[in-house]
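In UniProt numbering, the protein residues as written are 1 to 200.
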């Protein structure tokens, strides 16, 4: 897939005010500071589409972008550590859950995971919640350029082992780098296949 246009549509905290559910939708979420905004900007080839920051917790709204006038990319607040009050973080997770459970056109949640870290309880809990809720998701490992191949393979294997403790079948997985653009074509082709009804 070639991204020819990426346009901001709306930001809000009320799932009822999201755009009409008339196009396929893909939501991007992960722990704070996982590199989500950088990855979105890399995928869309727009340096400032999603706001990047060295401070965790920059994204605080449900942000809709329409891609090629065909599908929605949704930038969601991160979970986990952020320099905001606990009740604010709880509020985020409340409207994120409501959004995910109510959007009939949400084809896949892209769960971003920092591949440099060992399996994190927050990530595992969130993916388990998606599974229990029947929401399709993919694991998107970020910052792969920060590791050598041996360590990268070791960390990926650790996540797969951890997932197989509670999952019979692993979700789709992508290894990415916003710096080298690794994983870009694979993610965009994955989205295109789903949009065209060809993904098995």
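Even for Gly, the Cβ is constructed at its ideal location relative to N, Cα and C.
Under the three-state DSSP convention, the category residue 49 falls into: Position 49 of the chain shown, counting from 1, holds the residue named residue 49. The answer is coil: DSSP assigns residue 49 none of H, G, I, E or B.
Sequence-distant residues of its chain with Cβ nearer than 8 Å to residue 39 (five each side left out): The sequence position of residue 39 within the chain shown is 39, counting from 1. Closer than 8 Å at Cβ, skipping near neighbours: 28, 112, 140, 142, 176 and 178.
Beta-carbon contacts of residue 79 that lie in its chain and below 8 Å, excluding the five residues immediately before and after: Here the question's residue 79 lines up with position 79 in the chain shown. Within the same chain, residue 79 has close Cβ partners 29, 30, 31, 32, 89, 92, 93, 96, 122 and 126.
Cα-Cα separation, residue 145 to residue 183: Position 145 of the chain shown, counted from the start, is the residue given in the question as residue 145. Position 183 of the chain shown, counted from the start, is the residue given in the question as residue 183. Those two C-alpha atoms are separated by around 11 Å.
Spatial neighbours of residue 197 in its chain, beta-carbon cut-off 7 Å, leaving aside the 5 residues before and after: As a working note, residue 197 is residue 197 in the chain shown. Cβ neighbours of residue 197 beyond the five flanking positions: none.
DSSP three-state assignment for residue 82, whether helix, strand or coil: If you number the chain shown from 1, residue 82 lands on position 82. In this prediction, residue 82 has a pLDDT of 49, which is less than 50 and means its spatial position is unreliable; nothing more can be read from the coordinates.
Helix, strand or coil at residue 167 [DSSP, three-state]: Along the chain shown, one-based indexing puts residue 167 at 167. Coil at residue 167, not helix or strand.
Residue 125 (DSSP reduced to helix, strand or coil): Along the chain shown, one-based indexing puts residue 125 at 125. Residue state, collapsed to three classes: helix.
Own chain residues within Cβ distance below 8 Å of residue 61, not counting five before or after: The sequence position of residue 61 within the chain shown is 61, counting from 1. Excluding sequence neighbours, residue 61 sits near 11, 12, 13 and 77.
Alpha-carbon spacing of residue 128 relative to residue 151, whole angstroms: Here residue 128 refers to the residue found at position 128 of the chain shown. Here residue 151 refers to the residue found at position 151 of the chain shown. When rounded, the distance between both Cα atoms is 26 Å.
Test item: CB-CB of residue 9 and residue 19 under 8 Å: For the purposes of this step, residue 9 is taken as the residue at position 9 of the chain shown. For the purposes of this step, residue 19 is taken as the residue at position 19 of the chain shown. Cβ distance < 8 Å, so residue 9 and residue 19 count as in contact.
Same chain, Cβ closer than 8 Å to residue 118, neighbours up to 5 away in sequence not counted: For the purposes of this step, residue 118 is taken as the residue at position 118 of the chain shown. 155 and 158, listed in sequence order.
Beta-carbon spacing of residue 75, residue 36 below 8 Å: Mapped onto the chain shown, residue 75 falls at position 75. Mapped onto the chain shown, residue 36 falls at position 36. Going by C-beta atoms, residue 75 is nearer than 8 Å to residue 36.
Three-state secondary structure (DSSP) of residue 22: As a first step, residue 22 is located in the chain shown; it is residue number 22 there, counting from the start. Reduced to three states, the DSSP call for residue 22 is coil.
Residue 15 versus residue 72: straight-line alpha-carbon distance, rounded: Stepping through the chain shown from its first residue, residue 15 is reached at position 15. Stepping through the chain shown from its first residue, residue 72 is reached at position 72. Using only the alpha carbons, I get a separation of about 14 Å.
Alpha-carbon to alpha-carbon, residue 26 and residue 66: One-based indexing of the chain shown puts residue 66 at position 66. One-based indexing of the chain shown puts residue 26 at position 26. Answer to the nearest angstrom: the Cα atoms are 10 Å apart.
Coil, strand or helix - residue 11 by DSSP: By 1-based counting over the chain shown, the position of residue 11 is 11. If DSSP states are grouped into helix, strand and coil, residue 11 belongs with the strands.
Where residue 195 falls: helix, strand or coil (DSSP): Taking the first residue of the chain shown as position 1, residue 195 is located at position 195. Correct three-state label for residue 195: helix.
Bridge-paired residues (DSSP) for residue 73: Within the chain shown, numbered from 1, the residue matching residue 73 stands at position 73. According to DSSP, residue 73 bridges with 26 and 65.
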